[in-house]
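Residue numbers (my numbering): -10 to 288. Single-structure report; data block below.
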């Protein structure tokens, strides 16, 4: 074996050991959420659990599973804190859900990377996720498209006209970078101090990016006050841990990122997460009985 091949082999082996060490060092858990305040009547349903009506007079703060659905009516609102230090405010008639919430707690409960998917169909959502690590992933799904967020402080409001079947979407960015991709694949980037307005059906809508207006700052100022009240509760990690769940580690799991190139289009990463191998399937052969005399006469 030549010296070049020996060096190449050593590099490959070292890379494999490093990858295995990284996988073994990760400790993934399903995150948790704490309800810190409620306005009006809020319906909260944990995935796989029962639906609960929450009121301002309830004993708060209250810890729940990180996978949940929230339904509110006009003037109803709820403020949430998550185990990975995100602040969430949901208001108005609509539907909001956290469909995926995984976080790596190998180093600490709130410093590792996270993978989250939000889903909002209608209503107002204000989120401060600037505490997330750089390698965390957050996706927000809406009727008009999906948005990815990096270290952001933002709001998203969706109204729906049932008669015309038209969605009216407004996104405002107070900090960070937001990238919104509509249903036909067009991507819009919002940075600090910008907003975007979109109107249309779930399959066809028009969007326009502009600068934030002065009155837009009032919403974020009110949110900052609510966030300060939640921080004053000094929520310990124990209250979150009570609702967190250990996730199974998949052996030899690898996340692959590939660049998909199209002529005239921006390259977007395609992330593939391999699932564990499924159980073997037992073949089954059906046996067709001979036709009866009546069936034979039909043909």
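Backbone N, C-alpha and C define an ideal beta-carbon position, used for all residues, glycine too.
Approximately 6 Å separates the beta-carbon atoms of residue 57 and residue 87; this is inside 8 Å, confirming the contact. About 13 Å separates the Cβ atoms of residue 103 and residue 137, ruling out a contact at the 8 Å cut-off. Taking residue 171 as the centre and dropping the five residues before and after it, the same chain places the C-beta of 133, 134, 177, 187, 194 and 196 closer than 8 Å to its C-beta, in chain order. Secondary structure of residue 214 (DSSP, three-state): helix. In the DSSP secondary-structure assignment, residue 159 is bridged to 146 and 186. The bridge partners DSSP lists for residue 164 are 142.
The continuous alpha helix (DSSP H) containing residue 226 extends over residues 226 to 230. The Cβ neighbour count for residue 48, taken over all protein chains shown within 10 Å, is under 16; the residue is labelled exposed. Per DSSP, the continuous beta strand (DSSP E) segment holding residue 197 begins and ends at 194 to 200. Burial of residue 92 is indicated by the presence of at least 16 other C-beta atoms within 10 angstroms of its C-beta. Around the beta carbon of residue 234, fewer than 16 other beta carbons lie within 10 angstroms, which makes this residue exposed. Counting along the chain, no beta strand (DSSP E) covers residue 36, and no H or E run does either. Of the candidates 207, 77 and 20, 20 places its Cα closest to the Cα of residue 55. The beta strand (DSSP E) runs of length 3 or more contained entirely in the region 63 to 93 are, from start to end of the chain, 66 to 71 and 76 to 93. Excluding sequence positions up to five before and after residue 52, its CB lies within less than 7 Å of the CB of 21, 23, 228, 229, 231 and 232, all in the same chain and listed in chain order. No residue range can be given for residue 118, since it is assigned to no beta strand (DSSP E) and is classified by DSSP as neither H nor E.
Taking C-alpha positions only, residue 184 is separated from residue 33 by approximately 30 Å. When DSSP states are grouped into helix, strand and coil, residue 113 belongs to the strand group. Annotation for residue 190: 154, 155 and 156 place their beta carbon closer than 8 Å to its own, counting only its chain and skipping 5 residues before and after. Per DSSP, reduced to three states, the secondary structure at residue 57 is strand. When C-alpha distances from residue 77 are compared across 30, 29, 217 and 37, the shortest belongs to 217.
By the neighbour-count criterion, in which 16 or more other beta carbons inside 10 Å mark a residue as buried, residue 71 falls on the buried side.
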